[in-house]
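Chemist:
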Amino acid sequence: MKAAVFHKPGDIRYDTMPDPRIEQATDVILKVTSTAICGSDLHILSGAVPQPEPMIMGHEFMGIVEEVGKEVKNLKKGDRVVVPFPIACGHCFFCTHGASPACENSNYKHYGPDGDLMDQKGAALFGYTDLYGGYAGGQAEYVRVPYADISPRIIPENMSDEQVLFLTDIFPTGWSAIDWAQLKGGEIVAIFGSGPVGLMAQKAAWANGAGRVIAIDPLNYRLEKAKAVNKVYTLNPHEVDVVEAIRAMTNGRGADVCVDAVGFEPERSFFDKVKATVNFEKGSIKVLEMCFKAVRRNGTVSIMGVYGSPYDNFPLHRLFDKGITLKMGQAPVLNYIDHLIELVKTEQVILDDIITHRLPLSQVSHGYKIFDEKEEDCVKVVLKPGE
Ligand SMILES: NC(=O)c1ccc[n+]([C@@H]2O[C@H](COP(=O)([O-])OP(=O)(O)OC[C@H]3O[C@@H](n4cnc5c(N)ncnc54)[C@H](O)[C@@H]3O)[C@@H](O)[C@H]2O)c1
Ligand SMILES: [Zn+2]
Ligand SMILES: [Zn+2]
Numbered sequence: 001m002k003a004a005v006f007h008k009p010g011d012i013r014y015d016t017m018p019d020p021r022i023e024q025a026t027d028v029i030l031k032v033t034s035t036a037i038c039g040s041d042l043h044i045l046s047g048a049v050p051q052p053e054p055m056i057m058g059h060e061f062m063g064i065v066e067e068v069g070k071e072v073k074n075l076k077k078g079d080r081v082v083v084p085f086p087i088a089c090g091h092c093f094f095c096t097h098g099a100s101p102a103c104e105n106s107n108y109k110h111y112g113p114d115g116d117l118m119d120q121k122g123a124a125l126f127g128y129t130d131l132y133g134g135y136a137g138g139q140a141e142y143v144r145v146p147y148a149d150i151s152p153r154i155i156p157e158n159m160s161d162e163q164v165l166f167l168t169d170i171f172p173t174g175w176s177a178i179d180w181a182q183l184k185g186g187e188i189v190a191i192f193g194s195g196p197v198g199l200m201a202q203k204a205a206w207a208n209g210a211g212r213v214i215a216i217d218p219l220n221y222r223l224e225k226a227k228a229v230n231k232v233y234t235l236n237p238h239e240v241d242v243v244e245a246i247r248a249m250t251n252g253r254g255a256d257v258c259v260d261a262v263g264f265e266p267e268r269s270f271f272d273k274v275k276a277t278v279n280f281e282k283g284s285i286k287v288l289e290m291c292f293k294a295v296r297r298n299g300t301v302s303i304m305g306v307y308g309s310p311y312d313n314f315p316l317h318r319l320f321d322k323g324i325t326l327k328m329g330q331a332p333v334l335n336y337i338d339h340l341i342e343l344v345k346t347e348q349v350i351l352d353d354i355i356t357h358r359l360p361l362s363q364v365s366h367g368y369k370i371f372d373e374k375e376e377d378c379v380k381v382v383l384k385p386g387e
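Sequential numbering from 1 applies to the sequence shown in the working numbering.
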């Protein structure tokens, strides 16, 4: 079959790979109908999240069940499903405590309570390196889905692929960021990063009763997109002092909630890069530092952007002094997906308005390039296998 294959940093291309087959009686094989490129994939492309062997990319995908393992009860051939990105067994301690991204079984080779940098990780993710389980991803014609009775959700025929594709990852991810802050209504929510995850967090903030939603991004075309689809207030850190601007809007206090939807590879200056090299750090925590400054005392910071390194001079003093609540991690998609499908079905939330590029899977290298380098006003790329 054909798939998007990571070979080495900077080299993800359309390639021929062996067809997946049923390995466990609880697997299904899915014929992928739509798949998307995620900001998390860019950390693999850059080499910041390392992968030693060629690997099929992709953790945002949906498709039609092609083949069913003997023990699968909830799915049959022909069912159309979306697949949450964490691979979860459904019955371990964490899976039964609402924490499927910490599943103890799906990534047994590298599972560890410490969550160490290189050799101990939590659950497995589709197409997300050997450390996260070494599973082939869904930017492919076919994909093996383990524990098929647990995560995949059947989608009604009258909903299009594009309407529901982002239920695999970015909408539940944006939703987690806001749910973790437990809005009561009327809060001021500042969302750093207006890429796909930031845009979804903006939608979730409105849906949870925010009073004002502020989008922050150095790229004006992404801020324009945010204004167009989510009617948010925008700030460009190249044009204004973001922390000052947020304080000015909040009687000097700061936002009730700040969301980091950027992660450890933000736009960086030469100085940022030198500092990281000297400190043996990967990337930078500059966006987090902005969140800690921009949030009010006793506010909440939700970190959805990925971090993959320890950092010197972490501003713990500011967190302590301000009494900030911090929550972060891979999104527990399973906790939210059924509710979120309902929101989409009843058109209370629209997800597909962020798509800017629809490409055949054969053009995947181009898709990665424009998404990574922010060319052609790219915000979100959807790939179609078999085209
Ligand atoms: N926690 C999870 O479960 C989860 C799920 C999906 C994605 N992610 C992570 O979320 C992050 C965002 O993903 P995405 O798909 O939106 O990626 P993206 O790269 O398209 O978006 C990042 C955005 O941040 C902006 N940015 C860069 N520097 C900035 C700064 N200093 N201040 C404000 N904005 C800045 C960029 O211009 C870009 O628009 C990534 O780190 C990704 O790995 C996490
Ligand atoms: Zn993703
Ligand atoms: Zn489990």
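Here a beta-carbon is modelled for each residue, glycine too, at the ideal position from N, C-alpha and C.
Could you pull out every residue in the same chain whose Cβ sits closer than 7 Å to the Cβ of Lys374, ignoring the five residues on either side in sequence?
Modeler: Within the same chain, Lys374 has close Cβ partners Leu219.
Chemist: Return the Cβ separation of Glu60 and Phe85 in integer angstroms, given the expectation that the two are a contact with Cβ distance under 8 Å.
Modeler: Confirmed, about 7 Å.
Chemist: Who are Ala190's beta bridge partners in DSSP?
Modeler: Ala190 is bridged to Ile214, Cys258.
Chemist: In its own chain, which residues sit with a C-beta less than 7 Å from the C-beta of Gly98, not counting the 5 before and 5 after it?
Modeler: If we look at Gly98 and ignore the five residues flanking it on each side, its Cβ neighbours are Pro332, Asn335.
Chemist: Hey, quick one: how far does the alpha helix (DSSP H) through Phe270 stretch, first residue to last?
Modeler: 270 to 278 is the extent of the alpha helix (DSSP H) around Phe270.
Chemist: Take Lys77 and list the residues in its own chain whose beta-carbon comes closer than 8 Å to its own, dropping the five residues that flank it on each side.
Modeler: The residues are Val65, Glu66, Glu67, Val68.
Chemist: Is Glu267 near ligand 2, going by C-beta to nearest heavy atom under 6 Å?
Modeler: Because no heavy atom of ligand 2 lies under 6 Å away, the Cβ of Glu267 does not count as near it: no.
Chemist: Is Ala88 near ligand 3, with its Cβ less than 6 Å from a heavy atom?
Modeler: Indeed, a heavy atom of ligand 3 lies less than 6 Å from the Cβ.
Chemist: Please identify the residue among Pro146, Pro172, Tyr135, Ser151 whose C-alpha is closest to the C-alpha of Ala205.
Modeler: Measuring from the Cα of Ala205, the nearest candidate turns out to be Pro172.
Chemist: Just checking my contact of Cys258 with Ala294 at CB under 8 Å: how many whole Å lie between their CB atoms?
Modeler: With 8 Å as the limit, Cys258 and Ala294 qualify as a contact, their Cβ atoms being about 5 Å apart.
Chemist: Quick check: the region 250 to 266 against the region 304 to 323, are there 3 or more CB pairs under 8 Å?
Modeler: Yes: the two stretches touch, three or more of their Cβ pairs being nearer than 8 Å.
Chemist: Let me make sure I understand the geometry here. Which of Gly299, Met304, Phe292, Ile303 has the alpha-carbon closest to that of His317?
Modeler: The shortest Cα separation from His317 among Gly299, Met304, Phe292, Ile303 belongs to Phe292.
Chemist: Spatial neighbours of Asp161 within its chain, please: CB distance less than 7 Å, with the 5 preceding and 5 following residues excluded, ordered by chain position.
Modeler: Taken in chain order, the residues that qualify are Thr33, Ser34, Met62.
Chemist: Can you tell me whether Tyr307 is helix, strand or coil according to DSSP?
Modeler: DSSP places Tyr307 in coil when its eight states are reduced to three.
Chemist: Is Ser40 near ligand 2, in the sense that its beta carbon is under 6 Å from a heavy atom of that ligand?
Modeler: Yes - ligand 2 has a heavy atom lying nearer than 6 Å to the Cβ of Ser40.
Chemist: Check for me: the beta strand (DSSP E) holding Asp15 runs from which residue to which?
Modeler: 11 to 16 is the span of the beta strand (DSSP E), which, as asked, contains Asp15.
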